[in-house]
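Undergrad: Chains as they are written, first to last, in the working numbering: chain A, 1 to 131; chain B, 132 to 262.
The C-beta atom is built at its ideal place from N, Cα and C for all residues, glycine as well.
Mind looking over this structure? Questions follow.
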DNA sequence: TTTTAATCGGACTATATTAGTCTTAGAACT
DNA sequence: AGTTCTAAGACTAATATAGTCCGATTAAAA
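Following this line, the structure appears as structure tokens:
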């Protein structure tokens, strides 16, 4: 438990590949999925997420694909994982939507929020360049 | 994503409660589940795990229950979560049993293992006393 | 000695999350 | 126009988590 999703893994692999191709070369999804043996449709979804959050840029049409929208040194692990899997919520009740039945008696929320914050800070120190 | 399981949450709450009762007072599972509104059977399982891993001691029979087996300052968050949910494996392929289809081409494993290690180190710095 | 109040442990079910697929549409290049 | 891409949503499958049930065991208390 407490692990990154496969989607995050795939996303990291793909990003690393895209970054390795330089700033201007576009790489298409199929190419990546074949090279690393990743499920093509799923990878497509992941790249879309990364594109929406502005980490990569997409180029439509024939000969299209993806390229970096930022420098690798400016893309953090936190940012990547968040754009693929949503915010890091170490503790369920830190999400807005949840109504926790033990909330009134809960003795650990504050402390876990604190840990969560440190965790995010840690993930923010790691960039695609390090990967 | 990337959150502690509810079991871990419940375990932390229970542990904190047990620790608060002093070294020698036994607390039974029902008592805790009622006080914090936790599913009794599930909590029982969790306490069994904590007992097996030597964080708490169980006392059988009528009037039995649990008490701390260690000082709160000696029980780390890592230890607690691990005994409830198993080892922290940020990346699936760090487990022995998994055969990852992308392993040969995988470009991120080493780096993620590194992150995983730092994460564990971080969780090891937090003890029940801090909670 | 019997009853009672606990833990232990395994099997089981239900629910939620994650992973993956399919299909259609839209954009740009040739 | 045809081809090769991305976009996006609906859908299914697989897995992990959460929770329940029940019989066995232990030991204190009546």
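Please check the pair residue 200 of chain B and residue 217 of chain B, which I expect to be a contact at CB under 8 angstroms, by giving their CB distance rounded to whole angstroms.
TA: Mapped onto the second chain, residue 200 of chain B falls at position 69. Mapped onto the second chain, residue 217 of chain B falls at position 86. Going by Cβ atoms, the distance from residue 200 of chain B to residue 217 of chain B rounds to 20 angstroms, so no, they are not a contact pair.
Undergrad: Across the region 55-66 of chain A and the region 250-262 of chain B, are there enough close Cβ pairs to call them in contact, namely three or more that are closer than 8 angstroms?
TA: Verdict: no, contact absent.
Undergrad: In whole angstroms, what is the alpha-carbon distance linking residue 209 of chain B and residue 192 of chain B?
TA: To locate residue 209 of chain B, count along the second chain from 1; it is residue 78. To locate residue 192 of chain B, count along the second chain from 1; it is residue 61. For residue 209 of chain B and residue 192 of chain B, the distance between alpha carbons rounds to 30 angstroms.
Undergrad: Just the Cα atoms here: how many angstroms apart are residue 249 of chain B and residue 30 of chain A?
TA: Stepping through the second chain from its first residue, residue 249 of chain B is reached at position 118. Stepping through the first chain from its first residue, residue 30 of chain A is reached at position 30. Their Cα atoms are separated by approximately 34 angstroms.
Undergrad: Are the C-beta atoms of residue 12 of chain A and some chain B residue less than 8 angstroms apart?
TA: As a working note, residue 12 of chain A is residue 12 in the first chain. Answer yes: the Cβ-Cβ gap between residue 12 of chain A and chain B drops below 8 angstroms somewhere.
Undergrad: May I ask you to list, following chain order, the residues of the region 140-168 of chain B that have a beta carbon less than 8 angstroms from some beta carbon of chain A?
TA: Of all residues in the region 140-168 of chain B, 140, 143, 144, 147, 148, 166, 167 and 168 have a Cβ within less than 8 angstroms of some Cβ in chain A.
Undergrad: Less than 6 angstroms between C-beta atoms, sequence neighbours within five positions excluded: which residues of the same chain meet that for residue 76 of chain A?
TA: By one-based count along the first chain, residue 76 of chain A stands at place 76. These residues qualify, in order along the chain: 124 and 127.
Undergrad: Does the separation of the CB atoms of residue 3 of chain A and residue 222 of chain B fall below 8 angstroms?
TA: Residue numbering aside, residue 3 of chain A sits at position 3 when the first chain is read from its first letter. Residue numbering aside, residue 222 of chain B sits at position 91 when the second chain is read from its first letter. Yes, Cβ-Cβ distance for residue 3 of chain A and residue 222 of chain B is below 8 angstroms.
Undergrad: By the criterion of Cβ-Cβ separation under 7 angstroms, what are the contact partners of residue 236 of chain B in chain A?
TA: In the second chain, counting from the first residue as 1, residue 236 of chain B sits at position 105. Chain A residues near residue 236 of chain B: 35, 36 and 37.
Undergrad: Indicate whether residue 143 of chain B and residue 211 of chain B have their beta-carbon atoms separated by less than 8 angstroms.
TA: By one-based count along the second chain, residue 143 of chain B stands at place 12. By one-based count along the second chain, residue 211 of chain B stands at place 80. In contact: residue 143 of chain B and residue 211 of chain B (Cβ atoms closer than 8 angstroms).
Undergrad: Could you tell me which chain A residues have their CB closer than 8 angstroms to the CB of residue 206 of chain B, listed as they occur along the chain?
TA: In the second chain, counting from the first residue as 1, residue 206 of chain B sits at position 75. By Cβ distance, chain A contributes nothing, its closest Cβ being about 14 angstroms from residue 206 of chain B, past 8 angstroms.
Undergrad: Comparing the CB of residue 73 of chain A with every heavy atom of the ligand MN, is any distance shorter than 7 angstroms?
TA: For the structure depicted, the ligand MN is absent and the ligand set is empty, with no information on it obtainable.
Undergrad: Taking the C-alpha atoms as reference points, what is the distance between residue 242 of chain B and residue 17 of chain A?
TA: If you number the second chain from 1, residue 242 of chain B lands on position 111. If you number the first chain from 1, residue 17 of chain A lands on position 17. Rounded to whole angstroms, residue 242 of chain B to residue 17 of chain A spans 15 angstroms at the Cα level.
Undergrad: Distance check for residue 46 of chain A and residue 190 of chain B, CA to CA, integer angstroms please.
TA: The count along the second chain starts at 1 and reaches residue 190 of chain B at position 59. The count along the first chain starts at 1 and reaches residue 46 of chain A at position 46. For residue 190 of chain B and residue 46 of chain A, the distance between alpha carbons rounds to 51 angstroms.
Undergrad: By the DSSP assignment, the alpha helix (DSSP H) with residue 209 of chain B in it spans what residues?
TA: Along the second chain, read from residue 1 onward, the residue named residue 209 of chain B stands at position 78. First-last of the alpha helix (DSSP H) with residue 209 of chain B: 208-216.
Undergrad: Quick one: is residue 124 of chain A near chain B, going by C-beta distance under 8 angstroms?
TA: Indexing the first chain from 1 puts residue 124 of chain A at position 124. Taking Cβ atoms only, chain B never reaches closer than 8 angstroms to residue 124 of chain A, which makes this a no.
Undergrad: Quick check on residue 252 of chain B: buried or exposed, where buried means 16 or more other Cβ atoms within 10 Å of its Cβ?
TA: Residue numbering aside, residue 252 of chain B sits at position 121 when the second chain is read from its first letter. Exposed, by the Cβ-count rule.
Undergrad: Below 9 angstroms on C-beta distance, what does residue 102 of chain A contact in chain B?
TA: Reading the first chain from its first residue, position 102 is the one you call residue 102 of chain A. Under the 9 angstroms cutoff, chain B gives 140, 141, 144, 167, 168 and 169.
Undergrad: Taking only beta-carbon positions, decide if residue 261 of chain B is within less than 8 angstroms of chain A.
TA: Taking the first residue of the second chain as 1, we reach residue 261 of chain B at position 130. Yes - at least one Cβ of chain A is within 8 angstroms of the one on residue 261 of chain B.
Undergrad: Spatial neighbours of residue 180 of chain B within its chain, please: CB distance less than 7 angstroms, with the 5 preceding and 5 following residues excluded, ordered by chain position.
TA: On the second chain, position 49 is the one that residue 180 of chain B refers to. Around residue 180 of chain B: 214 and 215.
Undergrad: Would you check if the distance between the CB atom of residue 19 of chain A and the CB atom of residue 72 of chain A is smaller than 8 angstroms?
TA: One-based indexing of the first chain puts residue 19 of chain A at position 19. One-based indexing of the first chain puts residue 72 of chain A at position 72. Cβ atoms of residue 19 of chain A and residue 72 of chain A: closer than 8 angstroms.
Undergrad: Could you say which of A:103, A:57, A:43 and A:107 lies nearest to residue 10 of chain A if we only look at CA atoms?
TA: Position 10 of the first chain, counting from 1, holds the residue named residue 10 of chain A. Of A:103, A:57, A:43 and A:107, the residue nearest in Cα terms is A:43.
Undergrad: Against chain A, with Cβ distances strictly below 8 angstroms, would residue 196 of chain B count as a contact?
TA: Here residue 196 of chain B is taken as the residue at index 65 of the second chain, counted from 1. It does not: the Cβ of residue 196 of chain B has no partner Cβ on chain A nearer than 8 angstroms.
Undergrad: Starting from residue 196 of chain B, follow the beta strand (DSSP E) in both directions and report where the run begins and ends.
TA: Numbered from its first residue, the second chain carries residue 196 of chain B at position 65. It spans 196-199 - the beta strand (DSSP E) in which residue 196 of chain B sits, taken as one unbroken run.
Undergrad: Taking the alpha helix (DSSP H) that residue 187 of chain B falls in, what are its first and last residues?
TA: The residue labelled residue 187 of chain B in the question sits at position 56 within the second chain. Taken as a continuous stretch (DSSP letters only), residue 187 of chain B belongs to no alpha helix (DSSP H), being part of the beta strand (DSSP E) at 187-190.
Undergrad: If you draw a straight line from the C-alpha of residue 6 of chain A to the C-alpha of residue 247 of chain B, how long is it?
TA: Locating residue 6 of chain A in the first chain gives position 6, where the first residue counts as 1. Locating residue 247 of chain B in the second chain gives position 116, where the first residue counts as 1. Rounded to the nearest angstrom, the two C-alpha atoms are 15 angstroms apart.
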